[in-house]
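Notes follow the structure.
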Ligand code: RTP
Ligand code: MG
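In the UniProt record's numbering, the protein residues as written are 1 to 150.
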């Protein structure tokens with residue numbers, strides 16, 4: 001049997017400051033994804049640069065690192081069939097003008113770089129991002145019984 005796909009999702013500092021952790025997590029639970037790990041933390045400059053490694057050299061890189069380290073974040077690992085694609089659908093498009101109502105960004109975000117939540121974009125990114133925030137023993141293994149029917 002194919003192992004369940006995992007992704008790294010993170011409520012960014014704007015989501016934390018606006019008190020949206022609970023509502024964002026609810027949307028992920030509503031969809032039926034399985035929570036594997038969660039951590040509330042202030043991330044370091046080094047950790048932020050590793051997290052955004054694919055954006056090194058872009059003109060907004062400094063701004064990105066500054067934003068993600070500007071306050072605490074809520075980092076999570078979630079599991080589910082095709083979760084990388086499906087969670088990005090739940091999150092919505094990067095640019096707020098393109099993020100449709102019904103998505104997290106479409107319903108709650110009004111400024112493009114401040115789009116509330118990060119989601120891995122590929123299995124390779126997910127693996128790297130998870131390892132940047134969690135050790136293997138922090139990923140909880142358990143049976144989510146309702147997953148038989150979702
Ligand atoms: P994320 O990585 O945060 O889940 O977002 P994403 O895949 O939808 O977008 P990505 O291209 O990976 O960009 C990462 C984050 O950088 C900020 N951004 N700023 N100033 C700009 O033109 C610009 N473009 C992207 C956003 O915060 C985006 O989420
Ligand atoms: Mg991205």
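The C-beta atom is built at its ideal place from N, Cα and C for all residues, glycine as well.
| query | result |
| --- | --- |
| Counting contacts by CB-CB distance shorter than 9 Å, is residue 74 in contact with chain C? | Note that chain C does not occur in the displayed structure, where there is just one protein chain. |
| If you measure from the CB of residue 121, is any heavy atom of the ligand RTP nearer than 8 Å? | yes |
| Are the segment 104-119 and the segment 35-47 touching by the rule of at least three beta carbon pairs closer than 8 Å? | no |
| Considering only heavy atoms of the ligand RTP, does any lie closer than 8 Å to the CB of residue 13? | no |
| Taking residue 61 as the reference, give the member of 134, 113, 10 with the closest Cα. | 113 |
| Taking 9 Å as the cut-off, decide whether the C-beta atoms of residue 177 and residue 77 are in contact. | Any question about residue 177 goes unanswered here, given that the chain covers just 1 to 150. |
| If you drop the 5 nearest sequence neighbours on each side, which residues of the same chain put their C-beta closer than 6 Å to that of residue 93? | 99 |
| How would you label residue 85, buried or exposed, when you count the other beta carbons within 10 angstroms and need 16 or more for buried? | exposed |
| Taking only three categories from DSSP, how would you classify residue 56? | coil |
| Taking residue 48 as the reference, give the member of 139, 142, 133 with the closest Cα. | 133 |
| Answer yes if the segment 67-82 comes into contact with the segment 18-36, meaning at least three C-beta pairs across the two stretches below 8 Å, and no otherwise. | yes |
| Return helix, strand or coil for residue 66, following the three-state DSSP convention. | helix |
| I want to know whether the segment 57-73 touches the segment 11-26 - three or more CB-CB distances under 8 Å. | yes |
| What did DSSP end up calling residue 5 once you bin it into helix, strand or coil? | coil |
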